[in-house]
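Taking the working numbering, the leading residue of the sequence shown gets -8, the next gets one more, and so forth.
Just so it is clear, CB atoms sit at the ideal spot from N, CA and C, and this is done for glycine as well.
Below is one structure, written out as structure tokens; comments come after it.
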Amino acid sequence: MKKIFLAMLAFGSIQVFAQPIKMPAPSPQQKIIQAFGMGTIELTYSRPNIKGRTLLQANSDLAPLGKLWRTGANAATRIHFSDKVTIGGKVLDSGSYVLYTIPGKEFWDIIINTGVNNWGTDGYKEAENVVQFTVKAEKFGTPMETFTMQFANIQPETCDLRLVWGNTTVRIPISTNVKERLRAQIDKALSADPVNPNVYQPAANFYFEWDKDLPKALGYATKATEANPQGYWLFLLKAKIQKEMGDKIGAKASAEKCIALATTAKNDEYVKLGGELIKKL
């Protein structure tokens, strides 16, 4: 009986040690979802560390110059656009792509490819390139041990995808066309109902901040305040437009109206914003 127990104990020990051990990934994956324009950009890539190895040299261990690189580790870096974007002067339809690069000493080739199931550079076909263009490589002040990609300089119609590793950084410009579609939406809404008060504020915002058509912006802001005479936020918008047009008297009057209405509504933030605008006149 004792022998059976010892045998069972030994078998149990083997089972314990046979359990899989989960270790941290040497090149952990990162997924970034960035709101951009009227959609999103989703980036999925793996982040290797330098670990004392040579980087970005002719025959380096990591990302050798002049050779196709998966732009990370493991599977090829994938990028998904939920809306149309322009990269390298070409309009890309919404969908998933692979981001390859060819590092150079002064310039990098950026390649957008359709081989989304490729593992690294395995399976790469030049015929599947959607666009290929060149960007300048720049020096990065503080050495970056871990390969890093991030979105920067995010504006309504433009942003940059930045790649940083070691002392090198490159910038991939991305743009989208939002202005024309917003204008079309506003025109369609006003055509369907020219006196729709719900359109006046977004129309004023669009022509003020996007289209820079200040007379149109002021016209819609005025209509918005007439449709909602208690809307203190609308009077602040009108004051901003008037200030931009150089109408200091009108801007002051609109800002004072904003302050009075916001005080009644107990909205301290807009009271403060109205006062700050008057100080700038």
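Those residues which DSSP pairs with residue i across a bridge
i    : result
D113 : W110
N120 : N104
A26  : T31
E129 : T160
A143 : D151
N40  : T137
S166 : T77, T149
Outcome for residue i when other beta-carbon atoms lying within 10 angstroms are tallied against a minimum of 16
i    : result
A67  : buried
T92  : buried
W110 : exposed
I5   : Annotation note: pLDDT 47 at I5 (below 50); position unreliable, no value reported.
Q20  : exposed
K257 : exposed
A175 : exposed
K203 : exposed
V82  : exposed
M14  : exposed
I240 : exposed
6 Å Cβ shell around residue i - same chain, five flanking residues per side excluded
i    : result
W99  : T92, V126, A128, V161
I23  : L34
A230 : A242, S245, A246, L268
W156 : M135, F138
Contact set for residue i: own chain, Cβ-Cβ below 7 Å, skip 5 residues either direction
i    : result
L90  : T62, T68, I70, I103
N219 : P188, L225
Y191 : Y211, K214, A215, A218
Reference residue i; option with closest CA among the options
i    : options                : result
D84  : N168, P188, I41        : N168
T159 : A26, I269, A54, L272   : A54
Q233 : P15, T31, S245, G265   : S245
P206 : M236, A118, Y223       : M236
Q25  : P11, N144, K116        : N144
P193 : I163, A212, P185       : A212
I78  : R38, L47, N187, Q123   : Q123
I41  : A180, I250, G57, P17   : P17
D238 : I250, L173, D259, K271 : K271
Close beta carbons around residue i, own chain, < 8 Å, minus the five adjacent residues each side
i   : result
F2  : The predicted model places F2 with a pLDDT of 48, which falls under 50 and marks its position as unreliable; any figure quoted below should be read in that light. Once the five neighbours on either side are set aside, F2 has no close Cβ partner at all.
T45 : S51, D52, L53
Y88 : R69, I70, H71, F72, I103, N104, T105, V107, V121
Residue-chain proximity (residue i, chain D), Cβ-Cβ < 8 Å
i    : result
L228 : No chain D appears in the structure shown, which is made up of a single protein chain.
Whole runs of the alpha helix (DSSP H) within the region 45 to 116, excluding any shorter than 4 residues: Listed in chain order, there is nothing to give.
At which residue ranges does the region 172 to 248 contain complete alpha helix (DSSP H) runs of 4 or more residues, listed in the order of the chain? The qualifying runs are 188 to 196, 205 to 218, 223 to 235.
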